[in-house]
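Remarks on the structure that follows.
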């Protein structure tokens, strides 16, 4: 069986930063997404709230509606290299290096866009990377997600699926994440690590005897 080290990305590998927010600002600056796209994004949030469908923030990608996947992918590559990769913390890189040297398979699971997660995978030499997959229709993005959203319980379901397909020994694996929404995900492995932890996660981790670290 494989032993794995499974890492969240935002505020775990990147302390205090969201890769997707960086990307959105970059796309606005480049003119690939427009103020009208952002207005649609905000309207979607408001509509979901008024119709009692929840806050709908994490899985709202309506700002990318109508965008060509090839353009978004290429811009993700440029944005990652210039504005995101420099902020992967040295301690995160060191921990990934140690786990690789110890024979662990490196896996990334994050709610950020899959086009960004693929860049992290290449830069960090991960074996598997799972992000938010954007739905397509007629050759463009619809602004909606497809498949399981890697957030909260969805992230835990994805890890369970990976464990089954890859024959991962979860009891002898590590998982790293920062947010209290990751409690179920972290609790699936034998070695959960709360990284740059949200106060609620930090409290839960200390009660459970989990490792608490800063990257």
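In my numbering, the protein residues as written are 8 to 222. Note that CB positions come from ideal geometry on N, CA and C, so glycine has one too.
Using C-beta distances below 6 Å, list every residue in its chain close to residue i, excluding the 5 sequence neighbours before and after it, in chain order.
i           : result
residue 94  : 21, 24
residue 154 : 140
residue 92  : 130
residue 151 : 142
residue 159 : 188
Should residue i go down as buried or exposed, given a rule of 16 or more other Cβ atoms within 10 Å for buried?
i           : result
residue 13  : buried
residue 177 : buried
residue 99  : buried
residue 44  : buried
residue 207 : exposed
residue 145 : exposed
residue 128 : buried
residue 49  : exposed
residue 37  : exposed
residue 101 : exposed
residue 221 : exposed
residue 62  : Because the pLDDT of residue 62 is 44, which lies under 50, any placement of that residue in the model is unreliable, and the question is left without a value.
Going by C-alpha to C-alpha distance, which of the options sits closest to residue i?
i           : options            : result
residue 68  : 75, 148, 115       : 148
residue 184 : 212, 170, 105, 173 : 212
residue 123 : 102, 8, 81         : 81
residue 191 : 174, 161, 172, 103 : 161
residue 193 : 172, 40, 174, 215  : 215
residue 103 : 17, 132, 221       : 132
residue 89  : 33, 217, 222       : 33
residue 125 : 108, 86, 109       : 86
residue 109 : 72, 172, 179, 76   : 179
Using a Cβ-Cβ cutoff of less than 8 Å, which residues in the same chain neighbour residue i once the five nearest sequence positions on both sides are dropped?
i           : result
residue 209 : 201, 219
residue 234 : The structure shown does not extend to residue 234, since the chain is modelled only from 8 to 222, so the question has no answer here.
residue 78  : 39
Between the beta-carbon of residue i and the beta-carbon of residue j, is there less than 8 Å?
i           : j           : result
residue 187 : residue 205 : yes
residue 135 : residue 157 : no
residue 47  : residue 70  : yes
residue 30  : residue 169 : no
residue 74  : residue 181 : no
residue 28  : residue 111 : no
residue 17  : residue 26  : yes
residue 203 : residue 19  : yes
Closer than 7 Å by C-beta to residue i: which residues in its own chain qualify, once you throw out the five before and the five after it? Chain order, please.
i          : result
residue 97 : none
Stretch-stretch touch, CB-based, cutoff 8 Å, three pairs: the region 159 to 168 with the region 113 to 122: Judged by Cβ distances under 8 Å, the region 159 to 168 makes contact with the region 113 to 122, as three or more pairs qualify.
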